[in-house]
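Remarks on the structure that follows.
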Amino acid sequence: MSMVPGIRTVSRASYMLAFLVSVLPASAAAHVKWFVPLTEHMPAGFQWYGWTDPAVLVWLAIAAGMIATSLCLDLRLPAPQLASPRLLHALQWVLRIFTGGSLLMSAHNGVIIAPHYHWTGWSAPLLVVLENAAGLLLMTSWVFAASLILLLLYCGCALLVGAEIIEYLNVAGVAVYLLCLHYPTAAMRARLQASALPLLRIMTGLALVTLGFTEKLLRPDYAETFVQTYMWNFMQTLGFTNYSDRLFVLSAGTMEVVFGIILVIGSTTRLNILVVSLFMLTSNLTFLVQGNYHEALTEIIGHLPIIAIAIVCLFLGGGQRWQLSALLRRQP
């Protein structure tokens with residue numbers, strides 16, 4: 285019996301997913317800045333790859349191939365069905381509770397948005413108040429007010445850390461998503477609803493791309509310190525003794541950028557976010573197996589918003605707007 289084309293395509297996608305999860309670095313999902321000392325510049329004499337190094341060229345080819353494969357699959361996979369109002373309400377609840385819980389636990393730990401953002405000075409108490417207010421209101425029916433406060437908190441952090449805050453653009457994405465769906469005016473809410481999910485997808489993708497560069501590809505010393513401290517280069521454990529920590533960091537950073545790009549262009553959103561979710565689960569389980577319970581808890585708290593985003597995208601996809609595959613379908 286021959287397979288239906290759509291089923292055959294999904295089967296191939298499943299094989300690709302299994303391959304990715306088995307061979308790609310789990311540290312692609314880890315926020316290494318949360319666990320290593322931060323410095324303004326790379327250590328003197330630190331050796332990194334150049335654009336013409338074979339490893340870089342190989343990973344560039346792998347990245348291009350994955351993005352092209354994602355686009356091809358997206359052109360063949362069936363469009364996701366519309367979700368029921370009940371499911372939409374449940375997913376909003378998950379997003380609100382997870383994000384609100386992360387904010388409240390972060391405020392309790394004395395950090396703002398991210399575990400490594402410890403603030404002092406006159407602005408710190410104000411930011412903590414905003415963080416607590418956003419976290420609490422997200423768990424109530426005052427979702428629009430909570431979204432505005434969360435955006436204000438994000439902008440306040442941006443004034444302190446500058447462009448680095450793009451690493452957590454997914455947090456602002458949660459605020460924008462909920463704001464679009466809970467705008468007080470019915471007419472404006474109807475206009476914004478179709479943009480809510482694509483904006484959440486794109487902002488999360490941009491955060492992943494930024495993290496791939498700032499924590500790994502542009503500052504490989506952070507990631508290499510992390511890999512050496514927690515012994516995460518499992519490739520050497522598997523017998524690939526020539527797979528250096530430097531190559532491991534290059535692999536992880538490239539994959540994080542690829543996952544982010546695929547989210548931004550909106551192709552195979554569900555498959556892509558499933559792979560990201562499995563990497564986050566793997567990284568957390570690795571901490572637990574190693575007995576690093578404090579690090580595991582830190583990662584869970586910090587990852588709650590993106591875990592919630594992953595759940596939303598797994599059920600709803602990436603929305604129908606601003607997809608590269610949709611533009612390609614329109615070409616004659």
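Taking our numbering, the leading residue of the sequence shown gets 285, the next gets one more, and so forth.
Note that the Cβ used here is the ideal one computed from N, Cα and C, for glycine as well.
(1) Got a sec, what are the start and stop residues for the alpha helix (DSSP H) TYR527 sits in?
(2) For a test of the three-state rule: what should DSSP assign to TYR577, helix, strand or coil?
(3) State the start and end residues of the unbroken alpha helix (DSSP H) segment that holds PRO482.
(4) Need the endpoints of the alpha helix (DSSP H) that ASP337 sits in, please.
(5) Count the other CB atoms within 10 Å of the CB of ALA647; is the residue buried (16 or more) or exposed (fewer)?
(6) Closer than 8 Å by C-beta to LEU612: which residues in its own chain qualify, once you throw out the five before and the five after it? Chain order, please.
(7) At which residues does the alpha helix (DSSP H) containing GLY617 begin and terminate?
(8) Please identify the residue among LEU531, GLY603, VAL542, HIS466 whose C-alpha is closest to the C-alpha of ASP337.
(9) For THR553, which residues of its own chain have a beta-carbon under 7 Å away from its beta-carbon, when the five flanking residues on both sides are left out?
(10) GLY440: which of HIS466, SER567, LEU410 sits nearest, CA to CA?
(11) Whose C-alpha, out of ASN576, THR353, THR424, GLY349, is nearest the C-alpha of GLN376?
(12) Beta-carbon within less than 6 Å of ALA367's beta-carbon, same chain only, minus the 5 sequence neighbours each way: which residues are those?
(13) Alpha carbon to alpha carbon, how far is ILE381 from LYS317? Give it in angstroms, no decimals.
(14) Around the C-beta of ALA297, are 16 or more other C-beta atoms found within 10 angstroms, so that it is buried, or is it exposed?
(15) Leaving out the 5 sequence neighbours to the left and right, which residues in its chain are closer than 7 Å to LEU490 when beta-carbon positions are compared?
(16) For LEU608, I'd like the list of residues in its chain whose CB is within less than 8 Å of its CB, leaving aside the five on either flank, ordered along the chain.
(17) With a cut-off of 8 Å on the beta carbons, I'd call SER593 and VAL445 a contact; round off their distance for me.
(18) Indicate whether LEU462 and VAL427 have their beta-carbon atoms separated by less than 7 Å.
(19) Using C-beta distances below 8 Å, list every residue in its chain close to ALA456, excluding the 5 sequence neighbours before and after it, in chain order.
(20) How far does the alpha helix (DSSP H) with ARG614 in it extend, from its first residue to its last?
(21) Skipping 5 residues on each side, what residues in its chain have a beta carbon closer than 6 Å to that of THR494?
(22) How long is the line joining the alpha carbons of PRO321 and PHE497, rounded to whole angstroms?
Taking the structure as given:
(1) Per DSSP, TYR527 belongs to no alpha helix (DSSP H) and is neither H nor E.
(2) Note: TYR577 maps to helix in three-state DSSP.
(3) 470–496
(4) It is not in any alpha helix (DSSP H) - ASP337 carries neither H nor E in the DSSP assignment.
(5) Limits of the chain in this structure are 285 at one end and 616 at the other, which puts residue 647 out of reach.
(6) LEU355, LEU359
(7) Past the boundaries of the shown model lies residue 617; the chain is included only from 285 to 616, so the question cannot be answered.
(8) LEU531
(9) ARG485, LEU547, CYS597, GLY601, GLY602
(10) LEU410
(11) Answer by Cα proximity: THR424.
(12) LEU600
(13) About 25 Å.
(14) No answer about ALA297 holds up, because its pLDDT of 46 lies below 50 and its placement is not dependable.
(15) ILE450, LEU453, GLY544, VAL548
(16) LEU355, ILE549, GLY550, SER551
(17) The question names Ser, yet the displayed sequence has Ile at residue 593. Their Cβ separation, rounded to whole angstroms, is 21 Å, which puts ILE593 and VAL445 out of contact at 8 Å.
(18) A contact, by the Cβ cut-off of 7 Å.
(19) LEU434, LEU435, TYR438, MET487
(20) Bounds of the alpha helix (DSSP H) holding ARG614 are 608–614.
(21) So the list reads ILE450, GLU451, once near-sequence residues are dropped.
(22) Answer to the nearest angstrom: the Cα atoms are 17 Å apart.
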